[in-house]
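Position 92 of the sequence shown, counted from 1, bears residue number 92 in our numbering, the numbering being contiguous throughout. Heads up, the thing below is written out as structure tokens.
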Amino acid sequence: MESTSTNETVKKYAITKGSLHSYGSYIIQCIPKFIQRFSVSKDELTLYVAPRAVLQVVTFLRDHAQCQYKVMADISGGDYPEKEKRFEVVYHLLSIKLAGRIRVKTYIDEGSAVPSVVSIFRGADWYEREAWDMYGIFFSGHPDLRRILTDYGFEGHPLRKDFPLSGYTEVRYDEQRKRVVYEPLQLTQAFRNFESLSPWEHVGHGTQ
């Protein structure tokens, strides 16, 4: 029974992958100047574009009769410090008419910006603010690009790979002052060696 179910799933993905390849090729034929390439993984189609092409591509996907991706479901980011263009921005679009999803990916370096899509999708407002807050990805033209998740006066962007796990500031309630205080985080040592042995580990070969 399990083998039959697995075969049906593989067959479904094979059919879907073929149709998505055709669909991706069709979109590239419609706007060849703006899309660099596309990829298909299982039932997901991803378009890769330059930052300057983001507005044209998402507008096309929203308005074209064969697309109708009217919902900006999410905008996510990624940090890859080893790459020349360190940051990845992914737009997740949903078409209720086609009952399908599509992703648009672009890449930028630390000193560059991505055009805001708030003028096209009002719901992108908080998504872009979150990407700015977490990664420091700047969206040019955003009407109110400020932090949305971290506290007032927060330093840095916590989802960057070079951001320390401990952060830079300790936030705690001071019982004497009866209020929340912010203090620079003091680590007692730069390097910590954690010994894995414990008194509960058996010594010797044990018995059967």
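Using N, Cα and C, we set each Cβ at its ideal position, and we do this for glycine too.
Under the assumption that phenylalanine 87 contacts tyrosine 107 (Cβ atoms under 8 Å), give the Cβ distance between them as a whole number of angstroms. 7 Å
Reference serine 162, options Tyr135, His142, Thr46, closest by Cα: The amino acid occupying residue 162 in the given sequence is aspartate; serine does not appear at that position. Closest option to aspartate 162, Cα to Cα, is Tyr135.
Would you report the Cα separation of proline 184 and threonine 46, rounded to the nearest angstrom? When rounded, the distance between both Cα atoms is 43 Å.
Would aspartate 79 be called buried (16 or more neighbouring beta carbons within 10 Å of its own) or exposed? buried
In this structure, does DSSP put histidine 21 in helix, strand or coil? helix
Go to tyrosine 127, then tell me how far its beta strand (DSSP E) extends in each direction, as first and last residue. It is not in any beta strand (DSSP E) - tyrosine 127 instead sits in the alpha helix (DSSP H) that spans 124 to 135.
Give me the Cβ distance between tyrosine 127 and aspartate 74, rounded to the nearest whole Å; I'm assuming they're in contact under 8 Å. 6 Å
Can threonine 150 and proline 158 be called in contact, C-beta distance under 8 Å? yes
Proline 32 burial status per 10 Å Cβ neighbour count (16 or more: buried): exposed
Serine 119: buried (16+ other C-beta within 10 angstroms of its C-beta) or exposed? exposed
According to the neighbour-count rule (16 or more other Cβ atoms, all chains shown, within 10 Å of its Cβ), is glutamine 189 buried or exposed? The predicted model places glutamine 189 with a pLDDT of 48, which falls under 50 and marks its position as unreliable, so this point remains unresolved.
Just the C-alpha distance for valine 58 and histidine 92, rounded to the nearest angstrom, thanks. Roughly 10 Å between the two C-alpha positions.
Beta-carbon spacing of arginine 122, leucine 145 below 8 Å: no
My understanding is that alanine 131 touches valine 89, with C-beta atoms under 8 Å, so please give their C-beta distance in whole angstroms. 7 Å
Pull up the DSSP beta-bridge partners for threonine 46, would you. Ser39, Arg103
Can you tell me where the beta strand (DSSP E) holding arginine 160 begins and where it ends? It is not in any beta strand (DSSP E) - arginine 160 carries neither H nor E in the DSSP assignment.
From lysine 97 to valine 180, what does the alpha carbon distance come to, in whole angstroms? About 50 Å.
Between which two residues does the alpha helix (DSSP H) harbouring leucine 149 extend? Here leucine 149 belongs to no alpha helix (DSSP H), and DSSP marks it neither H nor E.
In angstroms, rounded to a whole number, what distance separates the CA positions of leucine 55 and arginine 172? 43 Å
Counting only runs that start and end within the segment 41 to 91, where is the beta strand (DSSP E) found for 3 or more residues in a row? 44 to 48, 71 to 79
Pull the bridge partners of arginine 177 from the DSSP assignment, please. Per DSSP, arginine 177 has no beta-bridge partner at all.
Residue from Phe38, Thr16, Lys17 with nearest C-alpha to serine 226: Past the edges of the chain, shown from 1 to 208, lies residue 226, and the structure says nothing about it.
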